[in-house]
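Colleague: Everything in the first sequence is counted per the working numbering, starting at 63 for the first residue and increasing by one. Cβ atoms here follow ideal geometry from the backbone N, Cα and C, with glycine treated the same way.
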Amino acid sequence: MKDIIINALNECLKKLKINYSEEIEINIPKQKENGDYSSNLALKLTKTLNKNPMEIANEILNNFKCEQVSNIEIKNPGFINFFVNKDYLFDNLKKVLIEKDNYGSSNIGKNIKVNIEFVSANPTGILHIGNARGGAYGDSLARIMRFCGYEVTEEYYVNDAGNQINNLGESIKARYYEKCKKEYPIPEGGYFGNEIIELADEIYKEHKDEYLDKEIEYYKELGVRKLLNKIINDLKEYRINFDVFTSEKEIGKKYNLNSIIEKLTENGYTYEKDGALWFKCSELYDEKDHVLIKEDKTLTYLVPDIAYHYDKYNRGYDKLIDIFGTDHHGYVARLKSSIKALGNEPEKLEVKLLQLVRLVENNEIVKMSKRSGKSVTLKDLIDEVGVNAARYYFSKYSLDTQMDFDLNLAKSKSNENPVYYVSYAYARISSILREKDYEEIPNKFETLNNEDTYNVLEKVYVFPEIVKNAAIKELPHLITNYVYELANIFHTYYSKNRILSNDEKNTKENILLIKAVRQTIKNALNLIGVIPPEKM
RNA sequence: GUCCUCGUAGCUCAGCUGGAUAGAGCAUACGCCUUCUAAGCGUACGGUCAAGCGUUCGAAUCGCUUCGAGGACACCA
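Listed below in structure tokens is the structure:
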């Protein structure tokens with residue numbers, strides 16, 4: 063509909079011999095009395111034409127021709143408001159009923175390969191509530207982009223090498239020794255979570271104290287394997303299924319990290335100082351240089367990460383999206399520098415930073431820390447409130463709000479989560495459809511001609527555009543807001559209008575209408591990983 | 001100290017490629033179940049969009065300054 067009006071306006075400008083290079087904007091006004099659609103074109107033209115906007119609007123009005131537009135009004139200071147006949151709404155209603163699960167999809171991302179890397183939590187513990195936010199965002203974005211035709215890979219980078227894995231091994235060993243009533247220290251930077259103790263218990267149960275002389279490699283391998291497994295299972299339950307897991311260890315083998323450093327050196331981006339090898343990233347995007355090879359000849363964390371991103375570039379994506387916590391934001395400049403230094407285009411990489419989730423209990427901030435092992439795990443959250451509520455909750459907010467997660471609220475009054483409001487709309491409709499259902503789509507809808515049905519149909523109509531917008535702007539919460547509003551409009555409609563009646567024709571049309579609403583709710587919720595219930 | 005992100009109703013948040021009277025939920029008060037699910041609907045209350053200056057026909061939205069919150073500034077990862 064927007065395009066139709068834009069075309070008509072363009073024709074009109076041609077007729078008036080006005081040059082306007084920008085794209086014409088059409089908006090849906092907040093106030094109903096300002097029309098179904100409106101344009102600020104006349105206001106935009108004031109400068110170039112050096113005329114009063116009302117005058118310009120009038121000229122446009124007099125030369126405007128469009129079949130679908132039933133009425134045009136001009137309002138101060140120069141808005142042109144279009145009133146449109148409602149046929150398109152019914153065409154769209156048919157479309158929903160035919161396309162079903164595909165309603166809202168598009169191919170704007172056709173032939174565009176996107177890699178979204180997220181969660182990527184170290185396998186040194188289990189997932190916590192912060193991962194729940196990043197996970198919900200990343201997976202929802204992937205679903206939305208796929209729906210728009212992008213070729214999406216959801217990827218998890220497994221840090222299964224390096225110092226922290228040593229610490230993991232040592233931590234498990236220490237707990238195992240403890241179990242065997244022997245002394246072994248938990249290292250500086252070690253891990254204190256319950257899951258570590260559980261792993262040690264498992265070893266003890268199976269082998270008693272026969273494994274005391276096992277090398278550290280044993281604990282490391284076991285820890286990574288088991289913890290990653292737990293992580294994957296938790297994610298599965300949270301409805302996230304990664305396409306690719308890339309291991310830091312494997313990347314190291316594939317590229318030989320020294321060859322990456324050599325490449326950087328060849329391109330002139332390294333130098334030696336104080337016995338270490340430095341990366342000259344301050345010449346690119348960073349404020350400071352950073353060390354690649356330490357004085358003791360070991361590599362810093364930066365090197366495998368550079369290699370990993372190099373690998374992602376080699377795999378031929380058109381776009382790479384990384385999702386980090388804001389605590390890693392300093393890291394972005396380093397990464398981009400390395401990409402440039404290796405001869406790739408840093409613009410392809412987009413880093414999304416998510417504000418960390420703060421836990422609040424009894425109006426006080428709960429500190430999460432590795433040392434105390436105190437945090438809320440993803441698993442706890444799912445068990446407590448369910449996947450639907452959790453995913454909905456995290457999909458509601460834009461990434462850059464500093465979000466407080468209220469434990470009391472989550473646990474005690476989960477009904478306050480708006481997911482129930484939306485689910486309720488879905489369940490209500492489902493309940494009616496169990497009473498009566500129709501498949502056959504009429505050529506013409508004749509009885510749905512009151513303001514309430516138009517409101518519902520209009521909301522259903524904009525869904526595909528909302529999806530595109532969410533994909534382009536990479537903002538899944540637009541979907542969440544949309545589906546809430548749709549539920550709201552439906553509830554209002556429902557409370558005022560009877561669906562089933564003696565009027566067979568009207569009943570039939572009403573049924574098809576609410577069926578389309580249900581379909582749209584389902585499609586929208588699916589994009590944020592929520593599965594609505596048939597009954598509540 | 002330097003750099004990033006944020007500041008919208010009592011609370012939690014939408015709204016930001018500049019548009020018309022800034023929106024929801026929760027909380028508070030009051031209505032609505034003999035009819036398809038009241039986990040619902042409706043009404044009221046609630047705002048110097050942190051503050052100031054600027055750009056513009058027009059600013060919550062863009063720019064600068066100040067204040068406040070969070071984070072980053074390792075030869076840790």
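Within the chosen definition, does the segment 540 to 554 reach the segment 524 to 531 through at least 3 CB pairs nearer than 8 Å?
Modeller: yes
Colleague: Kindly list the residues whose CB is nearer than 8 Å to the CB of Glu-508, restricted to its own chain and excluding five residues on each side of it in sequence; keep chain order.
Modeller: Indexing the first sequence from 1 puts residue 508 at position 446. For Glu-508, the CB contacts under 8 Å within the same chain, skipping 5 residues up- and downstream, are Lys-567, Glu-571 in chain order.
Colleague: Answer yes if the segment 219 to 233 comes into contact with the segment 279 to 291, meaning at least three C-beta pairs across the two stretches below 8 Å, and no otherwise.
Modeller: yes
Colleague: Return helix, strand or coil for Tyr-212, following the three-state DSSP convention.
Modeller: Taking the first sequence and counting its residues from 1, one reaches residue 212 at position 150. It is coil, neither helix nor strand.
Colleague: Between the C-alpha atoms of Tyr-218 and Tyr-331, what's the straight-line distance to the nearest angstrom?
Modeller: As a working note, residue 218 is residue 156 in the first sequence. As a working note, residue 331 is residue 269 in the first sequence. In a straight line, the C-alpha of Tyr-218 is about 29 Å away from that of Tyr-331.
Colleague: For Val-131, name the three-state secondary structure that DSSP assigns.
Modeller: Along the first sequence, read from residue 1 onward, the residue named residue 131 stands at position 69. Strand at Val-131.
Colleague: Hey, would you say Leu-520 sits closer than 9 Å to Leu-151, going by beta carbons?
Modeller: Counting from 1 along the first sequence, the entry for residue 520 is found at position 458. Counting from 1 along the first sequence, the entry for residue 151 is found at position 89. One point to set straight first is that residue 520 is Glu, not Leu, in the sequence displayed. Their beta carbons are under 9 Å apart, which means Glu-520 touches Leu-151 by this criterion.
Colleague: To the nearest angstrom, how far is the alpha carbon of Ile-583 from that of Asn-147?
Modeller: Along the first sequence, read from residue 1 onward, the residue named residue 583 stands at position 521. Along the first sequence, read from residue 1 onward, the residue named residue 147 stands at position 85. Rounded to the nearest whole angstrom, the C-alpha separation of Ile-583 and Asn-147 is 25 Å.
Colleague: Whole beta strand (DSSP E) runs in the segment 342 to 424 with 3 or more residues, listed along the chain?
Modeller: Fully enclosed beta strand (DSSP E) runs of 3 or longer: 352 to 355, 381 to 387, 411 to 416, 420 to 423.
Colleague: What are the start and end residues of the alpha helix (DSSP H) that includes Asp-514?
Modeller: For the purposes of this step, residue 514 is taken as residue 452 along the first sequence, with counting starting at 1. Per DSSP, Asp-514 belongs to the alpha helix (DSSP H) from 513 to 535.
Colleague: Need the endpoints of the beta strand (DSSP E) that Thr-332 sits in, please.
Modeller: Here the question's residue 332 lines up with position 270 in the first sequence. Segment 332 to 335, the beta strand (DSSP E) holding Thr-332.
Colleague: Three or more beta-carbon pairs under 8 Å between the segment 304 to 317 and the segment 460 to 469, yes or no?
Modeller: The segment 460 to 469 and the segment 304 to 317 do not touch, with fewer than three beta-carbon pairs separated by less than 8 Å.
Colleague: Assuming Phe-145 contacts Asn-133 under a Cβ cut-off of 8 Å, what Cβ separation, rounded to an integer in Å, is found between them?
Modeller: Counting from 1 along the first sequence, the entry for residue 145 is found at position 83. Counting from 1 along the first sequence, the entry for residue 133 is found at position 71. Indeed, because the Cβ distance is near 4 Å, the residues count as touching under 8 Å.
Colleague: What do you reckon, are the CB atoms on Thr-201 and Gly-448 nearer than 9 Å?
Modeller: Counted from its first residue, the first sequence places residue 201 at position 139. Counted from its first residue, the first sequence places residue 448 at position 386. Sequence check: residue 201 is Asp here, not Thr. The answer is no: Cβ separation not under 9 Å.
Colleague: In three-state DSSP terms, what is Ala-507?
Modeller: Sequence index remark: in the first sequence, residue 507 carries index 445 (1-based). The amino acid at residue 507 is misidentified as Ala; the sequence shows Phe. Residue state, collapsed to three classes: coil.
Colleague: Which residue marks the beginning of the alpha helix (DSSP H) containing Asn-588, and which one marks its end?
Modeller: As a working mapping, residue 588 is identified with position 526 in the first sequence. Element bounds for Asn-588: 566 to 589.
Colleague: Excluding the five sequence neighbours on either side, which residues of its own chain have a C-beta within less than 6 Å of the C-beta of Ile-278, listed in chain order?
Modeller: As a working mapping, residue 278 is identified with position 216 in the first sequence. Only Gly-231 meet the Cβ criterion.
Colleague: For Ile-66, which residues from the same chain have a beta carbon less than 7 Å from its beta carbon, with the 5 sequence-adjacent residues on both sides left out?
Modeller: To locate residue 66, count along the first sequence from 1; it is residue 4. The residues are Cys-128, Gln-130.
Colleague: Would you give the residue range spanned by the alpha helix (DSSP H) that Glu-61 belongs to?
Modeller: An answer regarding residue 61 cannot be provided, because it is not within the stretch 63 to 598 covered by the chain.
Colleague: Less than 6 Å between C-beta atoms, sequence neighbours within five positions excluded: which residues of the same chain meet that for Ser-400?
Modeller: The count along the first sequence starts at 1 and reaches residue 400 at position 338. Cβ within range, chain order: Ile-368.
Colleague: Which same chain residues, not among the five before or five after Tyr-239, have their C-beta less than 6 Å away from its C-beta?
Modeller: If you number the first sequence from 1, residue 239 lands on position 177. Same-chain partners within the cutoff: Tyr-246.
Colleague: Asn-89 by DSSP, collapsed to three states: which one?
Modeller: Taking the first sequence and counting its residues from 1, one reaches residue 89 at position 27. Correct three-state label for Asn-89: strand.
Colleague: Between the C-alpha atoms of Thr-569 and Lys-156, what's the straight-line distance to the nearest angstrom?
Modeller: For this step, residue 569 is matched to residue 507 along the first sequence. For this step, residue 156 is matched to residue 94 along the first sequence. One C-alpha to the other measures close to 16 Å.
Colleague: Leaving out the 5 sequence neighbours to the left and right, which residues in its chain are closer than 8 Å to Asp-380 when beta-carbon positions are compared?
Modeller: By one-based count along the first sequence, residue 380 stands at place 318. Within the same chain, Asp-380 has close Cβ partners Ile-174, Lys-175, Val-176, Lys-410.
Colleague: Going by DSSP in three states, Ser-309 sits in which element: helix, strand or coil?
Modeller: For this step, residue 309 is matched to residue 247 along the first sequence. Residue state, collapsed to three classes: strand.
Colleague: DSSP beta-bridge partners for Lys-175?
Modeller: By 1-based counting over the first sequence, the position of residue 175 is 113. Lys-175 is bridged to Glu-213.
Colleague: For Ile-503, count the other beta carbons within 10 Å of its own beta carbon; 16 or more makes it buried, fewer makes it exposed. Which is it?
Modeller: Stepping through the first sequence from its first residue, residue 503 is reached at position 441. It counts as exposed.
Colleague: Comparing C-alpha positions only, which one of Gly-196, Pro-139, Ile-170 sits nearest to Leu-297?
Modeller: Residue numbering aside, residue 297 sits at position 235 when the first sequence is read from its first letter. It is Gly-196 whose Cα lies nearest to the Cα of Leu-297.
Colleague: Figure out for me which residue from Ile-383, Asn-588, Met-598 has the closest Cα to the Cα of Tyr-483.
Modeller: Translated into the one-based positions of the first sequence, residue 483 becomes position 421. The candidate whose alpha carbon is nearest that of Tyr-483 is Met-598.
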